[in-house]
Amino acid sequence: MSTDMAASTRPAERANFAGRLAGWASKARPFLSIPIVLGLWEGIIVFFAVEPFVFPAPTAIAVALVNGLFGGSYISGLQVTLTEIGAGFALGSVTGLGLGILLVSVPMLNRVVFPWVVAIQTVPKVAIAPLMVVWFGFGIQSKILIVALTCLFPVLVNTIAGLRSTDPDRVALVRALCGSRWQLLRYVHLPSALPYIFAGLNTAIVFAVIGAIVGEFVGARSGIGVLILQANYNLDLAAVFALLTLIAIVGVLLNIAVRFIERKICFWNARSSS
Amino acid sequence: MSCAIEFSQVGLVYPAAGGAVEAVREVSFSVADGEFIAIIGPSGCGKSSLLKLALGLEGASAGAIRIAGREVVGPRPDVGVVFQSPVLLPWRTILQNVLLPADILRLERVAAEKTARELLELAGLGGFENKYPFELSGGMQQRAGIVRALLHDPRVLLMDEPFAALDALTRETMSLELQRIWTERRKTILFVTHNISEAVLLADRIVVMSARPGRVAAELVNAAPRPRTIEWLGDPQSAALARSIRAHLDRASAVQPLSRKS
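As you go down the protein sequences, you meet chains F and P in turn. Using my numbering, the letters of the first sequence correspond one by one to residues 1 to 274. Using my numbering, the letters of the second sequence correspond one by one to residues 275 to 536.
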């Protein structure tokens, strides 16, 4: 009887292992194209003997990335850019959230301010970057403000949309319990708006990276944007590609971080919609 | 018995595009303390509007509503409400949802939590305190909604078609549950429904409303002893009552030939 059981569990285990392997394979599939593309790229550069100042090979980019990271210049640049992104994102998001709550709570204010919000929103924020540098200098402040400005609008617009989309029954429930306006906001409107607010934050974090780099292009003493410009002047395209790779990785990681926090805070939203 | 709710000559007119809509006209009836009243009527007869008025979420265009002798001028803490959907907040556990009135009315926390746990037990939700609403069935969610309405021990419970969104079997179970909870916690209940057997099963008195503008077409007394069962609905006594409600409803909706289906 025991041998029977052993015989019956083994194929099950094997099927389980095969299943897990298939699971990994399907998860890994999107990344499978990466080595193929890199290999082709390297092959073409070597085969046609393309000069590195025209188009660098992946291996040259990798070497530049490692040198830059261990040489320290990329790390200090990354610190500056990340500070700009972090501070600007925080400043812009909090302002957007606060302004959104204010505009929804005070209809009078909304009528006066909202046309301005729409007008300013249509201006590409990167076009304001030179102004910020004139007003706030080449230091980190002007970049933080540019990032904050680019982050402000997606958060603001989504906060307003979220606060306005609250289920009227939830509002009636709290009002019937003699809830104050503050309690209505705290217990119903704000939590109901959270999925919208996070949609705004997801957009904002991507904008923040763009804002920081563009701001550094316009005028800065340090940061990844400055390093990209310097490498570009020196026709060190391998370094340019290395820095672009670095900033792309930063962008993806920041986006994943925001989504992770969203899943933790809005757990009820993900589950009820799935 | 004293008077818990009193509607006197209540009228409600909504402003609307293309003239005002009269939802309710000259509605007068009163509910005794501890009485279970069902309001039944064709859809759009303003029965839900009556509840909104009693809740103080809307103001009457004419007449007045008094609860416990005081005129309703706005929301008040001696009234509890159950909506058609459970309206649970998905980010709160069942216990936290039930404790929402305690948060809003700033009730003493320890006592409120004790009451909440007792009520959840009474409603058959013991053990589900830390589950989230989406982990519960529709019937269980609605039970939690009823428990929440009872938490701050309101004098009056207003229920707006609370079982309308549930399937027929769950609906029967829930009606019996409500009867049981009501016998234990003796509240004055104003129960809006469009289901005749639900009204017959639960109510001490049934107010039949006519089609828009809603008026009181009839008041029927149901003195059958409790607890009533689903089987009892087949008895001649309850069947006669149901027939009588049906007749009044037919007459009430006959005023508007367009809404009649044959």
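Glycine included, each C-beta is placed from N, C-alpha and C at the ideal position.
Nearest candidate by alpha-carbon position, reference residue i, set the options
i       : options                               : result
A119(F) : V157(F), G139(F) and V104(F)          : V157(F)
S527(P) : D434(P), P501(P) and A485(P)          : A485(P)
S304(P) : A328(P), V287(P) and Q358(P)          : A328(P)
I128(F) : W116(F), P58(F), L145(F) and P30(F)   : L145(F)
T159(F) : G72(F), A204(F) and W135(F)           : A204(F)
Q370(P) : P360(P), Y288(P), I480(P) and K405(P) : K405(P)
V240(F) : G251(F), A199(F) and I228(F)          : I228(F)
A193(F) : E84(F), E262(F) and G139(F)           : E262(F)
N469(P) : L507(P), G337(P) and V372(P)          : L507(P)
A418(P) : P364(P), T457(P), A442(P) and A513(P) : P364(P)
V133(F) : N255(F), G211(F) and A49(F)           : G211(F)
V490(P) : L443(P), R479(P) and A498(P)          : R479(P)
Q183(F) : S518(P), D377(P), T462(P) and A291(P) : D377(P)
L185(F) : V106(F), W135(F) and F136(F)          : V106(F)
Boundaries of the alpha helix (DSSP H) in which residue i is found, first to last residue
i       : result
F241(F) : L237 to I265
T447(P) : A442 to R459
V218(F) : L190 to V218
E395(P) : R383 to L396
R422(P) : G412 to L424
V133(F) : A129 to F136
A312(P) : Segment F310 to I314 is the beta strand (DSSP E) holding A312(P); no alpha helix (DSSP H) there.
Cutoff 9 Å: residue i Cβ touching any chain F Cβ
i       : result
D330(P) : Looking at the sequence shown, residue 330(P) is not Asp but Gly. Answer yes: the Cβ-Cβ gap between G330(P) and chain F drops below 9 Å somewhere.
L365(P) : Checking the sequence, you will find Trp at residue 365(P) rather than Leu. So, interface residue.
L374(P) : yes
V353(P) : yes
A278(P) : no
Y406(P) : yes
R350(P) : yes
L379(P) : yes
S359(P) : yes
H468(P) : no
Cβ pair residue i, residue j closer than 9 Å
i       : j       : result
L440(P) : M448(P) : yes
C277(F) : S222(F) : Here chain F comprises residues numbered 1 to 274, so residue 277(F) is not present and cannot be evaluated.
H426(P) : L362(P) : no
K125(F) : L149(F) : yes
R366(P) : S282(P) : no
V481(P) : S512(P) : no
A334(P) : D307(P) : no
G285(P) : V295(P) : no
L393(P) : V353(P) : no
W456(P) : F357(P) : no
L464(P) : I368(P) : no
P52(F)  : L244(F) : no
A172(F) : L381(P) : no
I85(F)  : A242(F) : no
E472(P) : R445(P) : yes
L494(P) : H522(P) : yes
Residue i, enclosing beta strand (DSSP E) - first and last residue
i       : result
E280(P) : C277 to Y288
A492(P) : V490 to V495
G337(P) : A336 to I341
T503(P) : Per DSSP, T503(P) belongs to no beta strand (DSSP E) and is neither H nor E.
S306(F) : No statement about residue 306(F) is possible, as the shown extent of chain F runs from 1 to 274 and does not include it.
A465(P) : The question names Ala, but residue 465(P) is Phe in the sequence shown. Element bounds for F465(P): T462 to T467.
F402(P) : That residue, F402(P), is in no beta strand (DSSP E); it is neither H nor E in DSSP.
E300(P) : V295 to A306
Within-9 Å CB hit, residue i to chain P
i       : result
L163(F) : no
N269(F) : yes
R111(F) : no
C151(F) : no
A176(F) : yes
R170(F) : yes
L173(F) : yes
T3(F)   : At T3(F) the pLDDT is 44, less than 50, meaning the model places this residue with poor confidence; the figure from the coordinates comes in the next sentence. Chain P, which has no Cβ nearer than 9 Å to the Cβ of T3(F), makes this no.
P124(F) : no
Y187(F) : yes
L201(F) : no
Residue i: contacting residues in chain A (beta-carbon distance under 7 Å)
i       : result
D236(F) : Of the protein chains in the structure, F and P, none is chain A.
Residue i: CB within 8 Å of a non-hydrogen atom of the ligand SAH
i       : result
T203(F) : The ligand SAH is absent from the structure shown, which contains no ligands of any kind.
Inspect the CB distances between the region 390 to 401 of chain P and the region 328 to 344 of chain P and report whether three or more fall short of 8 Å. Contact between the region 390 to 401 of chain P and the region 328 to 344 of chain P is absent: fewer than three C-beta pairs spanning the two stretches fall below 8 Å.
Counting Cβ pairs closer than 8 Å, one from the region 71 to 85 of chain F and one from the region 206 to 226 of chain F, do we hit at least three? Because the criterion of three Cβ pairs below 8 Å is met, the region 71 to 85 of chain F and the region 206 to 226 of chain F touch.
Any contact of the region 12 to 32 of chain F with the region 186 to 202 of chain F, i.e. 3+ C-beta pairs under 8 Å? Counting Cβ pairs under 8 Å, fewer than three are found: no touch.
Does the contact criterion of 3 or more C-beta pairs under 8 Å hold for the region 160 to 179 of chain F versus the region 242 to 249 of chain F? They do not touch, by the three-pair rule.
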